[in-house]
Amino acid sequence: MKFPPDQWTEGLHMGDPQEGGMQSYGSARGEGSTSPDRAHGLTRTESIVSQDGPDLHHHLESHQAPSVPSSHPARETWGGKYEFLLSCIGYCVGLGNVWRFPYLCYRNGGGAFLIPYSIMLFFTGLPLFLMELSLGQYGAAGPITVWKCCPILKGIGIGMLLVSSLVSLYYNVIIAWTFYYLGQSFQSPLPWSCESKLYFHLCQNVSSNGSTFSPSEAFWNEKVLGVVHSTGLSDPGPVRWELALCLLAAWFIIFLCMLKGIHSSGKVVYFTATFPYFVIIVLIIRGATLEGSIDGVRFYLTADWERLQSAQVWNDAASQIFYSLGIGFGGLLSMASYNKFDNNVIRDTLVIAIGNCSTSFFAGFAIFSILGHMAWKKGVPVGQVADSGPGLAFVAYPEALALLPGSVFWSILFFLMLFTLGVDTLFGNMEGITTAVLDELPYLRDWRWKTIFLGSLCFVFYLLGLLLITDVRVGVIGAGDFTPFCLLPGQCSYRKDNRDTKCHGYL
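Using full-length UniProt numbering, read the sequence shown as starting at 1 and increasing by one per residue.
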């Protein structure tokens, strides 16, 4: 069987003349010598060569243009499959798995909520997750460059870049909060406990029904948010220097961990992606030994089947799937772009997505067993102490931990877990930003230019983030007074009205 040579060698000749000839698909990854835009054509050529023998092979070799090395550094690849898996798991398993899913579960029918949650995972989450990983892996490019296959869709990549940038701004503020609490946790007694001299007078009954005003709530409002000093958006108040230092430290840690790209962050995730699982297991075991913990778990899982008739339950399930898996930000696409072409993307999709959702479910046991103990000690229903978002992570749960023997140890463990959860997610967001820029400006891959670019990016984000640690920042990212921020998928977790979370599904 013979074929006209031009029909099968066209893909081998067409290279970018500005690059000095044809660059290979593999060389873009540092593996071989074929253009990524012509990878499909080469696959077909190799198939014909294997079927038609050495004559056709010799003919094709005579038509190949010489390969000229690119002047830009080769594209990186992951050091191993576990680095990619752990990076993606760390990116997906974030703060929302701990502070949002358990609350949604009990609010939307307990165990019954797992039905719409699982349906949304398998019919919306997994297909979109697989699509984004596949696009990055087989395109070997970031969120903007990958759309060269269909230039009219390049705006999607630009949108991913903008969303990741906005999310990174406020997400590191949350990490700064966890960093601040982590530092405060080394004090004994804990500053938000009843033993603290600062808030000892607050630990008393203020009504006939026995309710108490929480010292942890006072610490959160006064020492962290500083809402007592602000009168509104027109009077933002000063930047809180303690949080400014924590924010600077958080960005510096991100800079160091990402200094060598995936080769450095891929090593860090061996700790940051696995440590939260260790803490969750320890908290579940500790919670199981506490009085009243079974009431908290029962409150978390008791099924209310009638809630499945509510459209809001299905909306919450869908929004949590999108929010938790991180679809549409560009982080998944960027990390997958450093995979080898023949990596098993279907296996990775199942492991990462199902592992992420399972983590959300088991984290609920760690949360509600401790909250059940606090409710038992206070003599109130579990629903009265349960909360979501920052209210759970920085008010309710710290107060519950302060009631335990060895509260300093448990508080350090908890906030270190939150810190690693946040850092992992920010790795993915920042990877989406840097990969998009480096693919468009390949000369920045040189380690000197890359260091300058990454350092400048982190510093600019730090300066912009200072706005969010003024006394009024809770009105900007907390109460949703500033409408544009409602477009941020993570922002919606702060709202008492979770209807805004549907914004994420439209990205």
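Every residue, glycine too, gets a C-beta built ideally from N, C-alpha and C.
Between the Cα of residue i and the Cα atoms of the options, which residue gives the shortest distance?
{"i": "N343", "options": "P116, F255, Q137", "result": "Q137"}
{"i": "E399", "options": "L457, S185, L243", "result": "S185"}
{"i": "A318", "options": "S188, F278, G125", "result": "G125"}
{"i": "A393", "options": "I158, G111, T178", "result": "T178"}
{"i": "L466", "options": "M430, V173, N221, W449", "result": "V173"}
{"i": "F415", "options": "G389, V279, G287, R298", "result": "V279"}
{"i": "L403", "options": "F365, T359, W449, R286", "result": "R286"}
{"i": "L464", "options": "Y170, G96, I115", "result": "Y170"}
{"i": "G109", "options": "Y300, P215, G383", "result": "Y300"}
{"i": "C105", "options": "E291, G155, F271, W305", "result": "W305"}
{"i": "residue 527", "options": "D439, T470, I354", "result": "The chain is shown only over 1 to 507; residue 527 falls outside these bounds and no answer can be derived."}
{"i": "I412", "options": "P102, L190, S168, I89", "result": "L190"}
{"i": "V98", "options": "F427, Q384, F361", "result": "F361"}
{"i": "N356", "options": "Q312, S87, P381", "result": "S87"}
DSSP three-state label for residue i, please.
{"i": "S134", "result": "helix"}
{"i": "G395", "result": "It is worth fixing the name first, because residue 395 is Val in this sequence and not Gly. It is helical."}
{"i": "residue 513", "result": "Because residue 513 is not part of the residues shown, which for the chain are 1 to 507, the question remains open."}
{"i": "T274", "result": "coil"}
{"i": "T470", "result": "strand"}
{"i": "M258", "result": "coil"}
{"i": "G326", "result": "coil"}
{"i": "T451", "result": "helix"}
{"i": "I433", "result": "helix"}
{"i": "T302", "result": "coil"}
{"i": "W410", "result": "helix"}
{"i": "T289", "result": "coil"}
{"i": "residue 519", "result": "Since the first and last residues shown for the chain are 1 and 507, residue 519 lies out of range."}
{"i": "C458", "result": "helix"}
{"i": "W78", "result": "coil"}
{"i": "V93", "result": "coil"}
{"i": "P215", "result": "helix"}
{"i": "R347", "result": "helix"}
Within 10 Å of its beta-carbon, does residue i have 16 or more other beta-carbons around it, so buried, or fewer, so exposed?
{"i": "residue 525", "result": "Beyond the ends of the chain as shown, which are 1 and 507, falls residue 525; an answer cannot be given."}
{"i": "G379", "result": "exposed"}
{"i": "W447", "result": "exposed"}
{"i": "T349", "result": "buried"}
{"i": "Q320", "result": "buried"}
{"i": "C149", "result": "exposed"}
{"i": "K197", "result": "exposed"}
{"i": "R347", "result": "exposed"}
{"i": "R298", "result": "exposed"}
{"i": "A264", "result": "According to the sequence provided, residue 264 is Ser. The question's Ala does not apply to it. The residue is exposed, with fewer than 16 neighbouring Cβ atoms inside 10 Å."}
{"i": "V460", "result": "exposed"}
{"i": "F322", "result": "buried"}
{"i": "T302", "result": "exposed"}
{"i": "G422", "result": "buried"}
Using the Cα positions of residue i and residue j, report the straight-line distance between them to the nearest angstrom.
{"i": "V93", "j": "M258", "result": "19 angstroms"}
{"i": "G326", "j": "I452", "result": "28 angstroms"}
{"i": "M160", "j": "F329", "result": "5 angstroms"}
{"i": "L130", "j": "S188", "result": "48 angstroms"}
{"i": "D424", "j": "I175", "result": "11 angstroms"}
{"i": "G183", "j": "R240", "result": "16 angstroms"}
{"i": "I294", "j": "G364", "result": "13 angstroms"}
{"i": "W376", "j": "K260", "result": "49 angstroms"}
{"i": "L247", "j": "Q309", "result": "44 angstroms"}
{"i": "G226", "j": "A396", "result": "18 angstroms"}
{"i": "W78", "j": "I253", "result": "21 angstroms"}
{"i": "G142", "j": "S337", "result": "7 angstroms"}
{"i": "residue 516", "j": "D316", "result": "With the chain covering 1 to 507 only, the question about residue 516 has no answer from this structure."}
Using a beta-carbon distance below 8 angstroms, is residue i in contact with chain D?
{"i": "Y91", "result": "This model lacks chain D altogether, as it is built from one protein chain only."}
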